[in-house]
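**Q** From first to last, the protein sequence lines are chains X and G.
Those letters in the first sequence? Residues 500 to 905, per the working numbering, in order.
Those letters in the second sequence? Residues 53 to 493, per the working numbering, in order.
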Amino acid sequence: MPFALEGVKVVDLSHHIAGPYCTKLLADYGAEVVKIERPDGGDPARRMSPFFHDDPHPEKSGLFLHLNTNKKSITLNLKTELGKKIIKDLVRDADIVVENFHPRVMPSLGLDYPVLEQINPRLVMTSISNFGHTGPYRDYKMSEIVAYAMGGVMHVTGMPEREPIKLALTVEQIFTGNVAAAATMGAFVGLQVHGIGQQLDLSMMEIQTGNQDRAISSLFSYQYSGESTFKRSRETWRTILPSGVYPTTDGYVQMSGGQASWWERVCRMIDRLDLIGDPHFTAPENFYGNADVKAEVDALMYEWLFQHTKQEVMEKAQEFGYLTGAINTMEDVFNDPHLAARGFFVEVDHPYTGPLKYPGANFKMSETEWKAGRAPLLGEHNREVYCDRLGYSAEELVRMREQGVI
Amino acid sequence: MAAPRLPLEGVRILDFTIVWAGPSGTVFLGDLGAELIRVESLQHPDVNTRGQVRIPKAALEGSAGGQFPHGDPGPRPWERSAGFQYSGRNKVSMTLDLERPSGIEIFLRLVQKSDVVFSNYAAGTLEKLKLTYPVLREANPKIIMVYFPGFGLSGPYKYFKGFGSNMEALAGLTALRGYTDMDVTANGAVFQADAAAGAMAAFLTLMALHYRNRTGKGQFIEMSQAETTLHHLSQAWFEYAMNRRVLGPMGNRDLYAAPQGVYQCQGDDNWVAITIENDEMWERFCGVIGRPELAHDPRFSDAVSRYRNQEELDPIIAAWTADQGHYQVMEILQGKGTTAGAVISHREIFDDPHLQARGFFKQLEVPGVGFFPHAGPVYKMSKTPLKEPRRAPTLGEHNEYVYKTILGYSDAEYEELVRDQHIGDTYVELLPKAKTGEVAR
């Protein structure tokens, strides 16, 4: 099958996490992504854990290997005159440029959008930055936790008596890359149809502020009444329905409460059909947050939960339509029968790690393909891009290396 | 000069979505200029998207009150619930009853006039309605269908249902977050999976549109929301794949830099997040907090020691932040090139000077209530700045437009569909009984 993005050429000036996830998505669907890396060590993600067998080698970072699948890597020093010339040559022939430098960097290199637009008016340039290219925080520094803090959602995440708490790992940066990929494709479709090239200015803070995860509904509820629908709390739904994290014999499950009609599902799940329709539970004044009745329901739940594993609880709950997920560790995930049945795990070979399990495509397209390729070695495609495409000779390549250009 | 054309102008998308993930996905596409037609029903109130139809008094006490202006759900609560004001933006609303063949016929006529059908209903829902891809393709061979139930359309969990919180539990996110001194029961539900799935489905839609523009071929895309979340857990995935090591929660610590934490500030429930990324930043930070000697204290002077001993630093940092404002701490530290951010509450964020300077919030109307600031599009385009978003539609608000202008129904046919309760602006269960009886006849 063909690739959806076959023939699309991307110059990837991004590094670290958000930008590379954006261009990974483009590369995985068939775009040709040429990743520009610094000659001295390349993308900083190459120095970030985890590492294969804990060996901190620049070709063995799991983070880098995941975020850079299917790309080509060339090394280039953007501060040299030749470096700038080469970028311009690549841009002349490209459809998309993605960069996530600080907003000062591209103008200082003489490679900002107004310059690149002169070279190639049919160009989408995606600029991802911490706070966007304008505004008083433009030059502020950001980290994963600062992004989450300033976006507004962190304030309602955690326990009421404790400090607000972040999500795991670097999920918000990867999410930012995902949003950037959607925006990039949107602008690219517009370019193809209407002929308008342009620059996108994406601010990680704004992506957090407009995050569907509780942000947008909380924003409105604060405006409405100074009160959020979400607070730092164990429970999201203030009804007697099981809601939140519950223990089982071998771990935990996440259950979600909801409407009054779901009480029947609970009764069926724990096999207490006698309680269906019992007004002690279903009368609105009891159902919505009567703490004593809630304690009774939890007691019934615990009795049942402590006879089952998390997998059994999930399967039983789901059988009756009660929204439940087992709380899995990564080991559980690797052994999950559903992911295996869907073919989510793909094996990707790499000269420095051998074959490893990677997360595969999270979807299936009926007409187009997804690529399970590997990340490039640092400068792996120098010869192909500089000699075969741009016409530099092998001797000139050596000279470029001597001069610290590549 | 005519306004520059938005990227997706001329693209029509049927928004057949519920809860958060689906509606947020189409919001992305609407911000790019696509026309979004929200397919709703008078027979099945969509309580997870628009909110409850009838709100018992007991439900309003506690959190549900915040969903409504001054806690007042009004006579038509589904038109004012907080969640829908965002997830309905730029959408038009039409109604039909898909449980009758006449409703299916209307839907398929709409498919003929559309480019994309976008849905996140649970697996099984569309099959039950016989609205599968082969059926849609027969109505419109170029249609693109994007369908993303929680766990995909194959495998043993195909029919499982979940909110984002349940899916991300399964994908491993829940076990990776939380306080390190409490067990996982202290993890309140979050819904990152919804945000991720919406953005990913929007991306896939755009790729399919590009492919169709190029080749003339539509296609069917099925996506699993749980698997989308797994893409976001790179480090945990590869720590296991490479070293068979299972990562757990790290609280507010960073994988890479130390110290990092959230520290209490002056006032009620005010906090600041701080990350010290390297030795230079550490030295500057020590100067700012008036403890320059710590920069050369062997417990903290290098990255490894700082990481190892960061618990000892918490009370020292907290003592400095305690009697200052959270914004103040951010400004002081950022002024010295140090990574820090106020933990901004949703009460404060509308007044944030940066977001204001960037024009992030737009005033949008909630009919009958007033105008409220609304989180704007999350990307700015240099040549085709996104239009002012349109407020969320009331139920069936655009029935005339959809039925008459797009589908070409006559006035008489339209009136008949009103009598048949395909078309309307009020849920059937709220109509006076006698009227329902007439229809049943």
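We put the CB at the ideal spot given by N, CA and C, even for glycine.
The structure displayed is predicted, hence computed values, not measured ones.
Return the first residue and the last residue of the alpha helix (DSSP H) that residue 511 (chain X) is part of.
**A** The sequence position of residue 511 (chain X) within the first sequence is 12, counting from 1. Segment 508-511 is the beta strand (DSSP E) holding residue 511 (chain X); no alpha helix (DSSP H) there.
**Q** Classify residue 457 (chain G): buried if its beta carbon has 16 or more other beta carbons within 10 angstroms, exposed otherwise.
**A** For the purposes of this step, residue 457 (chain G) is taken as the residue at position 405 of the second sequence. Burial call: exposed.
**Q** Leaving aside the five residues before and after residue 53 (chain G) along the sequence, list all residues of the same chain whose C-beta is less than 8 Å from its C-beta, in chain order.
**A** Position 1 of the second sequence, counted from the first residue, corresponds to residue 53 (chain G). Low per-residue confidence applies at residue 53 (chain G): pLDDT is 49, beneath 50, and the placement is therefore not dependable, though the value from the model is reported in the following sentence. Hits under 8 Å: none found.
**Q** So with CB distances below 8 Å, who are the chain X contacts of residue 255 (chain G)?
**A** Translated into positions along the second sequence, residue 255 (chain G) becomes position 203. Those are 524, 677, 680, 681, 684, listed as they occur along chain X.
**Q** Using a Cβ-Cβ cut-off of 9 Å, state whether residue 53 (chain G) counts as contacting chain X.
**A** Locating residue 53 (chain G) in the second sequence gives position 1, where the first residue counts as 1. Since pLDDT at residue 53 (chain G) reaches only 49, below the 50 mark, its modelled position is unreliable, and no value is offered.
**Q** Kindly list, in the order they appear in chain G, the residues whose Cβ is closer than 8 Å to that of residue 894 (chain X).
**A** Reading the first sequence from its first residue, position 395 is the one you call residue 894 (chain X). None at all; the shortest Cβ gap to chain G is about 39 Å.
**Q** If you measure from the beta carbon of residue 583 (chain X) to each beta carbon in chain G, is any gap under 9 Å?
**A** The sequence position of residue 583 (chain X) within the first sequence is 84, counting from 1. False, the Cβ-Cβ gap to chain G never drops below 9 Å.
**Q** What's the gap between the Cα of residue 860 (chain X) and the Cα of residue 682 (chain X)?
**A** Taking the first residue of the first sequence as position 1, residue 860 (chain X) is located at position 361. Taking the first residue of the first sequence as position 1, residue 682 (chain X) is located at position 183. One C-alpha to the other measures close to 20 Å.
**Q** Relative to chain G, which residues along the stretch 660-675 of chain X have a C-beta separation below 8 Å, given in chain order?
**A** Against chain G - using a Cβ distance shorter than 8 Å - the residues of the stretch 660-675 of chain X are 661, 662, 663, 664, 665, 666, 667, 668, 669, 670, 673, 674.
**Q** Got a sec? Which residues, its chain only, sit under 8 Å from residue 480 (chain G) by beta carbon, not counting five neighbours each side?
**A** Counting from one through the second sequence, the residue named residue 480 (chain G) turns up at place 428. Closer than 8 Å at the Cβ level, and outside the excluded window around residue 480 (chain G), lie 94, 95, 473, 488.
**Q** At a CB distance below 9 Å, what residues from the stretch 386-410 of chain G approach chain X? Give them in sequence order.
**A** Going along the stretch 386-410 of chain G in chain order, one finds 386, 389, 390, 391, 392, 393, 394, 395, 396, 397, 398, 399, 400, 401, 402, 404, 405, 406, 407, 408, 409, 410 with a Cβ nearer than 9 Å to chain X.
**Q** According to DSSP, is residue 574 (chain X) helix, strand or coil?
**A** The count along the first sequence starts at 1 and reaches residue 574 (chain X) at position 75. Here residue 574 (chain X) sits in strand by DSSP.
**Q** Can you confirm whether the stretch 143-159 of chain G touches the stretch 125-132 of chain G when touching is taken to mean that 3 or more C-beta pairs between the two stretches lie within less than 8 Å?
**A** Result no; under three Cβ-Cβ pairs closer than 8 Å.
**Q** Rounded to whole angstroms, what's the CA-CA distance from residue 729 (chain X) to residue 655 (chain X)? Just pull it up for me.
**A** One-based indexing of the first sequence puts residue 729 (chain X) at position 230. One-based indexing of the first sequence puts residue 655 (chain X) at position 156. In a straight line, the C-alpha of residue 729 (chain X) is about 6 Å away from that of residue 655 (chain X).
**Q** Please check if any C-beta of chain X sits within less than 9 Å of the C-beta of residue 181 (chain G).
**A** Within the second sequence, residue 181 (chain G) is the residue found at index 129, counting from 1. It does not: the Cβ of residue 181 (chain G) has no partner Cβ on chain X nearer than 9 Å.
**Q** By DSSP, does residue 264 (chain G) sit in helix, in strand, or in coil?
**A** Looking up residue 264 (chain G) in the second sequence gives position 212. Of the three classes helix, strand and coil, the one that applies to residue 264 (chain G) here is helix, per DSSP.
**Q** For the stretch 159-172 of chain G against the stretch 826-836 of chain X, are there 3 or more C-beta pairs whose distance is under 8 Å?
**A** No, the stretch 159-172 of chain G does not touch the stretch 826-836 of chain X.
**Q** With DSSP run on the structure shown, which of helix, strand or coil describes residue 858 (chain X)?
**A** On the first sequence, residue 858 (chain X) is found 359 positions in, with the first residue counted as 1. Of the three classes helix, strand and coil, the one that applies to residue 858 (chain X) here is strand, per DSSP.
**Q** Evaluate residue 356 (chain G) with the Cβ neighbour count: other Cβ atoms within 10 Å of its Cβ, from every protein chain shown; 16 or more gives buried, anything less gives exposed.
**A** Along the second sequence, read from residue 1 onward, the residue named residue 356 (chain G) stands at position 304. Under this definition residue 356 (chain G) is an exposed residue.
**Q** Suppose contacts are defined by Cβ-Cβ distances below 9 Å. Is residue 885 (chain X) in contact with residue 516 (chain X) by that definition?
**A** Translated into the one-based positions of the first sequence, residue 885 (chain X) becomes position 386. Translated into the one-based positions of the first sequence, residue 516 (chain X) becomes position 17. Contact flag unset, no.
**Q** Locate the alpha helix (DSSP H) running through residue 679 (chain X), then write down its first and last residues.
**A** Position 180 of the first sequence, counted from the start, is the residue given in the question as residue 679 (chain X). That run of the alpha helix (DSSP H) goes 670-693.
**Q** Please work out which residues of its chain come closer than 6 Å, Cβ to Cβ, to residue 901 (chain X), disregarding the five sequence neighbours upstream and downstream, and give them in chain order.
**A** Counted from its first residue, the first sequence places residue 901 (chain X) at position 402. If we look at residue 901 (chain X) and ignore the five residues flanking it on each side, it has no Cβ neighbours.
**Q** What would DSSP say about residue 565 (chain X), mapped onto helix, strand or coil?
**A** Taking the first sequence and counting its residues from 1, the one referred to as residue 565 (chain X) is at position 66. Residue 565 (chain X): helix per DSSP, three-state reduction.
**Q** For residue 521 (chain X) and residue 762 (chain X), what's the separation of their Cα atoms in angstroms?
**A** Translated into positions along the first sequence, residue 521 (chain X) becomes position 22. Translated into positions along the first sequence, residue 762 (chain X) becomes position 263. Cα to Cα, residue 521 (chain X) sits roughly 43 Å from residue 762 (chain X).
**Q** Answer with yes or no whether the minimum CB distance from residue 511 (chain X) to chain G is below 9 Å.
**A** Mapped onto the first sequence, residue 511 (chain X) falls at position 12. Not an interface residue.
**Q** Please list, in chain order, all residues of the same chain as residue 484 (chain G) whose beta carbon is under 6 Å from its beta carbon, the five residues on each side excluded.
**A** Translated into the one-based positions of the second sequence, residue 484 (chain G) becomes position 432. So no residue of the chain qualifies.
**Q** Strictly below 8 Å CB to CB, what residues from chain X border residue 447 (chain G)?
**A** Walking along the second sequence from the start, residue 447 (chain G) turns up at place 395. Correct list: empty, because the minimum Cβ distance to chain X is about 18 Å.
**Q** From the DSSP secondary-structure annotation, give me the bridge partner or partners of residue 751 (chain X).
**A** Counting from 1 along the first sequence, the entry for residue 751 (chain X) is found at position 252. According to DSSP, which records beta bridges pairwise, residue 751 (chain X) is partnered with X:746.
**Q** Do we get a CB-CB distance below 9 Å when we pair residue 332 (chain G) with the residues of chain X?
**A** Reading the second sequence from its first residue, position 280 is the one you call residue 332 (chain G). No, no contact with chain X.
**Q** Look at residue 837 (chain X) and residue 572 (chain X) and say whether their C-beta atoms are less than 9 Å apart.
**A** Start at 1 with the first residue of the first sequence, and residue 837 (chain X) comes out as number 338. Start at 1 with the first residue of the first sequence, and residue 572 (chain X) comes out as number 73. It is not a contact, given that the beta carbons lie outside the stated cut-off.
**Q** Applying a beta-carbon distance threshold of less than 9 Å, which residues of chain X neighbour residue 204 (chain G)?
**A** The count along the second sequence starts at 1 and reaches residue 204 (chain G) at position 152. Ordered by position in chain X, the residues that pass the 9 Å Cβ test against residue 204 (chain G) are 837, 841, 843, 861, 862, 863.
**Q** Decide if residue 890 (chain X) is buried, meaning its Cβ has at least 16 other Cβ atoms within 10 Å, or exposed.
**A** Reading the first sequence from its first residue, position 391 is the one you call residue 890 (chain X). Exposed, since its Cβ has fewer than 16 Cβ neighbours within 10 Å.
**Q** Please list the terminal residues of the continuous beta strand (DSSP E) segment that includes residue 762 (chain X).
**A** The residue you call residue 762 (chain X) lines up with position 263 of the first sequence. Taken as a continuous stretch (DSSP letters only), residue 762 (chain X) belongs to no beta strand (DSSP E), being part of the alpha helix (DSSP H) at 762-768.
**Q** Cβ of residue 61 (chain G) versus every heavy atom of the ligand COA: is any distance shorter than 8 Å?
**A** With respect to the ligand COA, the structure shown offers nothing to examine, as it has no ligands at all.
**Q** Could you give the DSSP three-state label for residue 529 (chain X): helix, strand or coil?
**A** Indexing the first sequence from 1 puts residue 529 (chain X) at position 30. It is coil, neither helix nor strand.
**Q** Quick one, which residues of the stretch 90-123 of chain G are near chain X if we go by CB-CB under 9 Å, in chain order?
**A** Answer set for the stretch 90-123 of chain G: 99, 100, 104, 108, 109, 110, 111, 112, 113, 114, 115, 116, 117, 118, 119, 120, 121, 122, 123.
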